[in-house]
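Participant:
Numbering (the numbering used here), first residue to last: 1 to 295.
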C-alpha cells in the first residue's frame, strides 16, 4: 500500500463504487459519491471515516434525493489536502467549492460527529441553505478537562510526525481496529471493520485524520449554534462513548429550532449500526419516533 490509497487497488471493491467520481476543486482532487435522483441531499462523515460510513444509508435515500457524499479533505481518496482545508472554516469553504463545482445546492443535509459541525458552520456562513440539518452524535463542543489539555497539543505534535503516522498505520491490525471501534460504543459488521482497517492502515489517511484533529477548534461552534438560521435535528445515541449524549441536550439549548431524537442501544457509529433508522430520520426527522426501549 502506498502513502495514499490507490483507487484502482484499494478502491476496487469500495462500497457504492459505481456512484464514485473524482472532481478537482479548492486545490485538491476529491472523491465524491453521487447517486439517486431528485433534489440534492448532502452527507458528511466524521473524522477518520470516509464515504463508506454512509454505504448502507445512501441507497435508502437515493429513491427520493440526489445523494452527495464526499470523502473529507485528507481522508480516504480525497487527497492531497492543504493544511488550511483541515480546519473547521477551511473544510466548510472547501466543501462549498466542491458543491459549486458539482453545480449542486443541497436542500437537505446530514452529518456525523465532526461532519455535523462542518454543516453548522456552512449554514451559518451561508455556504448552504438547506431546509434543515440532521446531526448524528454531533461533535460540537471541545473535549474538556485534562483530556482536552492533553490530546489537542498531542494531535498537533503528531500531525506532522511521519514516524507516528507510520507506526499507527502498521499497528492497525484487525484486532486493534475492532477494539478501537468497540471503544466508540458501537458494534458494526465485518465489512465495516475491514474498511476501517484499510483506512487506518494507510499513512496518508492517518495523516489527514491527525491533521484534522490538530486543526480542529470547536470553541466557536456554540456561537454558530446560536446563529444557526434553520432547524436542526440532534440525534444522540445512548451508548456513544465518543461524544456524550448530554452534548445533544446542550446543543438543543443553544439553537433556536432544535428537535431531539434519542437512540438507546446504539453507539457513536449509530448510522452504520442501524442504517435503516438513520435513513428514516433523514427522510422525515420531525415525524420520526424511535421504538421504545425494551425492558
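The beta carbon of each residue, even a glycine, is placed where N, CA and C say it ideally should be.
With DSSP collapsed to three states, give me the class of residue 284.
Facilitator: Residue numbering aside, residue 284 sits at position 284 when the chain shown is read from its first letter. Residue 284 falls in the coil class under three-state DSSP.
Participant: Can you tell me where the beta strand (DSSP E) with residue 237 in it begins and where it stops?
Facilitator: Within the chain shown, the letter at position 237 stands for residue 237. Looking at the DSSP string, the run of the beta strand (DSSP E) that includes residue 237 is 232-237.
Participant: Please report the distance separating the alpha-carbon of residue 217 from that of residue 122.
Facilitator: As a working note, residue 217 is residue 217 in the chain shown. As a working note, residue 122 is residue 122 in the chain shown. Near 15 Å, if we compare the C-alpha coordinates of residue 122 and residue 217.
Participant: Can at least three beta-carbon pairs, one atom from the region 126-133 and one from the region 61-77, be found at a separation below 8 Å?
Facilitator: Result no; under three Cβ-Cβ pairs closer than 8 Å.
Participant: Hey, quick one: how far does the beta strand (DSSP E) through residue 44 stretch, first residue to last?
Facilitator: Indexing the chain shown from 1 puts residue 44 at position 44. Segment 40-44, the beta strand (DSSP E) holding residue 44.
Participant: Roughly how many angstroms separate the alpha carbons of residue 214 and residue 228, rounded to a whole number?
Facilitator: Locating residue 214 in the chain shown gives position 214, counting from the first residue. Locating residue 228 in the chain shown gives position 228, counting from the first residue. So the alpha carbons of these two residues sit roughly 25 Å apart.
Participant: Report the start-end ranges of each alpha helix (DSSP H) in the region 175-225 that is 4 residues or longer and not cut off at the edges.
Facilitator: Listed in chain order, the complete alpha helix (DSSP H) runs (minimum 4 residues) inside the region 175-225 are 190-200 and 203-215.
Participant: Please identify the residue among 45, 26, 21 and 4 whose C-alpha is closest to the C-alpha of residue 270.
Facilitator: As a position in the chain shown, residue 270 is number 270, starting the count at 1. The option with the nearest alpha carbon to residue 270 is 45.
Participant: Are there 16 or more other CB atoms within 10 angstroms of the CB of residue 51, so buried, or fewer, so exposed?
Facilitator: The residue given as residue 51 occupies position 51 in the chain shown. Counting Cβ neighbours within 10 Å, residue 51 comes out buried, since at least 16 surround it.
Participant: Under 7 Å Cβ to Cβ from residue 7, same chain only, skipping five residues before and after it: list those, please.
Facilitator: Reading the chain shown from its first residue, position 7 is the one you call residue 7. Answer for residue 7: 77, listed in chain order.
Participant: Below 8 Å between beta carbons: does that hold for residue 120 and residue 224?
Facilitator: Start at 1 with the first residue of the chain shown, and residue 120 comes out as number 120. Start at 1 with the first residue of the chain shown, and residue 224 comes out as number 224. Yes, the pair counts as a contact, with Cβ atoms nearer than the cut-off.
Participant: Inspect the beta-carbon positions of residue 96 and residue 41 and report whether they are closer than 8 Å.
Facilitator: Within the chain shown, numbered from 1, the residue matching residue 96 stands at position 96. Within the chain shown, numbered from 1, the residue matching residue 41 stands at position 41. Not a contact, by the Cβ cut-off of 8 Å.
Participant: Express the C-alpha separation of residue 107 and residue 239 in angstroms, rounding to a whole number.
Facilitator: One-based indexing of the chain shown puts residue 239 at position 239. One-based indexing of the chain shown puts residue 107 at position 107. Looking at the two C-alpha atoms, the distance is approximately 30 Å.
Participant: What is the rounded straight-line gap between the Cα of residue 151 and the Cα of residue 142?
Facilitator: On the chain shown, position 151 is the one that residue 151 refers to. On the chain shown, position 142 is the one that residue 142 refers to. Only weak support is given to the placement of residue 151: the predicted model assigns it a pLDDT of 41, under 50, and the question is left unresolved by the model.
Participant: Under 8 Å between the Cβ atoms of residue 281 and residue 233?
Facilitator: Here residue 281 corresponds to residue number 281 of the chain shown, with the count starting at 1. Here residue 233 corresponds to residue number 233 of the chain shown, with the count starting at 1. Going by C-beta atoms, residue 281 is nearer than 8 Å to residue 233.
Participant: Can you tell me whether DSSP reads residue 89 as helix, strand or coil?
Facilitator: Taking the first residue of the chain shown as 1, we reach residue 89 at position 89. If DSSP states are grouped into helix, strand and coil, residue 89 belongs with the helices.
Participant: Let's see if you can read the secondary structure: which residues bound the beta strand (DSSP E) around residue 304?
Facilitator: Here the chain comprises residues numbered 1 to 295, so residue 304 is not present and cannot be evaluated.
Participant: Here's a check: name, in chain order, each residue in its chain whose Cβ is nearer than 7 Å to the Cβ of residue 21, leaving out the five neighbours to either side.
Facilitator: Your numbering for residue 21 matches position 21 in the chain shown. The answer, listed in chain order, is 32 and 34.
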